[in-house]
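Residue numbers (the working numbering), protein chains in the order written: chain A, 3 to 392; chain B, 690 to 964. A virtual CB, placed ideally from N, CA and C, is assigned to each residue, including glycine. No experiment lies behind these values; they were computed from the predicted model shown.
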């Protein structure tokens, strides 16, 4: 039992400081009590509503009372925003109605009065939206994150093509990550081979060159790529100076997808080279010589003898780079411009700017699910306990 | 490896390709260091710099940084948070690695997966979760909050490096110490610790480097008072890049190189010792 006691403090620490926050976030993506708590009676009455005609007077009267109460408790703005996310346009309908009803004397019919302020109150889909916003446990954030929507009848439909944002972004993130992984393999494999087969002293030196970007601050490297790639930057200056491009034809290499790909490849390349190198180091060079002496050309020997032996390194490096790439945030945020944003940046946007935390949590949940699956594959193929640093 | 001309051309091409990749890896450093000494507020090489005119170089951006209270405060914050998080991460991580290295440890690979998870989870997700959870606990915008967050992100590095060192460790040594009458604490201090010290120090340096370069949790759960150096650089890059950033970047590069050399030296010492 003793070894478990040694592991326990850290396991407890990670559970509290790291796993619990993730659980809270996932909870937020599924649980949203704000509207349900503010309009309990209205929602109870709406449960008996037939779902087609405009609800009857008691529903309107109850809701007016609960909305006025929410206004006094200063939660009305947040409620209106929540309802508006289910159906655009309802925020202003809600706020306008409350403002009018508050200043006017008590009407004979709340139903007539509210419809007079905004005809949306006569439509059934408005009430469907209120009912959905009032779901305490809800999948709507996940539907939203996958560009799906719930039809009034209850079925699930895809958003119209011009409103699809998140699936295309997810596809882009996967495609970019895959591209970066291939690029890292293409750049990393040859140099890993070089280092693995160099004499020890030179190998150590070359390995340091790979480790330099690994240790250098991410923000420093990003700054540096801005300096190198911007239109008045070092590379454009160089190209213009040697006459390869005209002064007015400077290339935009940053604040777009190019910037994201270049900077991320640079950041992730060491994570490809190091696992490759540690596998290649164990392959005796004699195998290649033997293949050559048996008459294989270099390409044949490489394809049939060397490459298959490096596959564990290729798998480890590629999975690692891919896992790190799909969750990347800092580099795209700083050098990606509009076109170079990835799914993480959308999570940050909904966390910090639109303040749609439920959606941010659901997007985070989707991303976390993907990473978790890849992590399982990685663990199966490579084993986390065989992971080495440097 | 035949002596024909195709083989030689291929080999030269291969070496040229590798050189280009190494250039790509080191280019950012090769560019930023000289530019930080630019006397002009430009981000590109001036004529004077290229002709190595001493007048074209200066320390003015370093002076700007050294006299700016915001950067100094950021440095202090980074050091306080970094040291506290490193101390916690190293203690917890080393302890856990000692347990994990024991063959009698139940559920070893599951425990390892849990302890490594902060390293593999996208930081944006960890930071978003911490924002919700730490706000509820009143830890958002406080030093303890950031220290806990950075500790969580740093422990996997300690666990990995110490576990790696321990894998070359002969368990008979602890048994021998115990049979000679040493208690568990004494065995750890006199037998295990000296042997795993290189791994512990490497892990600590990794944890410190992680905290020292972490910006996402600072963005989400740090307040104005907790601005660290990476946070300061973040706003510098987003708003208006001043050449002062290049001076800070150069200092950070020097610091990173130092950390790297120490870790490499420890690693070679550590791997040369056992067996």
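query	result
Inter-residue spacing [alpha-carbon to alpha-carbon] between residue 719(B) and residue 820(B)	37 Å
Chain B within 7 Å of residue 221(A), Cβ atoms only	yes
Nonlocal neighbours in the same chain, by C-beta distance under 7 Å from residue 27(A), ignoring five residues either side	363, 366
Proximal residues, the segment 290-313 of chain A versus chain B, C-beta separation under 7 Å	294
Touching by the beta-carbon criterion (3+ pairs, under 8 Å), the segment 31-46 of chain A and the segment 122-141 of chain A	yes
Where the segment 817-828 of chain B meets chain A: residues whose CB sits under 9 Å from a CB there	817, 818, 819, 820, 821, 822, 823, 825
C-beta atoms of residue 929(B) and residue 763(B) nearer than 7 Å	no
contact_flag[the segment 823-830 of chain B, the segment 902-920 of chain B] where n(CB pairs < 8 Å) is 3 or more	yes
Validate contact between the segment 305-321 of chain A and the segment 178-190 of chain A using beta carbons, cut 8 Å, 3 pairs	yes
N- and C-terminal bounds of the alpha helix (DSSP H) containing residue 159(A)	Not the alpha helix (DSSP H): residue 159(A) falls in the beta strand (DSSP E), residues 158-160.
Own chain, CB closer than 6 Å to residue 955(B), minus 5 neighbours either side, in chain order	887, 890, 891
7 Å Cβ cutoff, residue 129(A) in contact with chain B	no
Close-in-space but distant-in-sequence residues of the same chain around residue 871(B) (CB under 8 Å, 5 per side omitted)	879, 880
Residue 39(A) - containing alpha helix (DSSP H), residue span	36-40
For residue 152(A), three-class secondary structure by DSSP	strand
Classification of residue 911(B) by the beta-carbon crowding that lies within 10 angstroms, buried from 16 upward	buried
Length of the line joining the Cα atoms of residue 105(A) and residue 262(A)	54 Å
Any alpha helix (DSSP H) of 4 or more consecutive residues that is wholly inside the segment 227-258 of chain A	236-243
Touching by the beta-carbon criterion (3+ pairs, under 8 Å), the segment 239-257 of chain A and the segment 289-301 of chain A	no
Straight-line gap, residue 292(A) to residue 203(A) (C-alpha atoms, nearest Å)	26 Å
Among 706(B), 884(B), 805(B), 876(B), nearest to residue 856(B) - alpha-carbon criterion	884(B)
Nearest candidate by alpha-carbon position, reference residue 822(B), set 289(A), 198(A), 19(A), 31(A)	19(A)
Top-ranked residue by Cα proximity to residue 72(A), from 107(A), 36(A), 88(A), 258(A)	36(A)
Extent of the continuous alpha helix (DSSP H) run through residue 870(B)	No alpha helix (DSSP H) holds residue 870(B); DSSP gives it neither H nor E.
Interface flag, residue 273(A) vs chain B, CB-CB below 7 Å	no
Candidates 923(B), 777(B), 727(B), 877(B), of which the one nearest residue 980(B) by Cα	The structure shown does not extend to residue 980(B), since chain B spans only 690 to 964, so no value can be given for it.
Three-state class that DSSP yields for residue 691(B) in the structure shown	Residue confidence is low: residue 691(B) scores 45 on pLDDT, short of 50, so the model does not pin down where it sits. No coordinate-derived value is stated.
Close-in-space but distant-in-sequence residues of the same chain around residue 128(A) (CB under 6 Å, 5 per side omitted)	122
Residue-level contact to chain A via CB, residue 962(B), 7 Å cutoff	Residue placement at residue 962(B) is flagged as unreliable, the pLDDT there being 42, under the threshold of 50; the coordinate-derived value follows with that caveat. Chain A, which has no Cβ nearer than 7 Å to the Cβ of residue 962(B), makes this no.
DSSP bridge partner residues for residue 206(A) (one or two, in chain order)	DSSP, once it has assigned bridges, lists no residue as partnering residue 206(A).
Touching by the beta-carbon criterion (3+ pairs, under 8 Å), the segment 757-776 of chain B and the segment 892-902 of chain B	yes
Cβ of residue 865(B) within 7 Å of any chain A Cβ	no
Per-residue DSSP class, three states only, for residue 706(B)	helix
Presumed contact (8 Å Cβ cut-off) between residue 728(B) and residue 745(B), rounded CB distance	6 Å
Interface flag, residue 938(B) vs chain A, CB-CB below 7 Å	yes
Helix, strand or coil at residue 821(B) [DSSP, three-state]	helix
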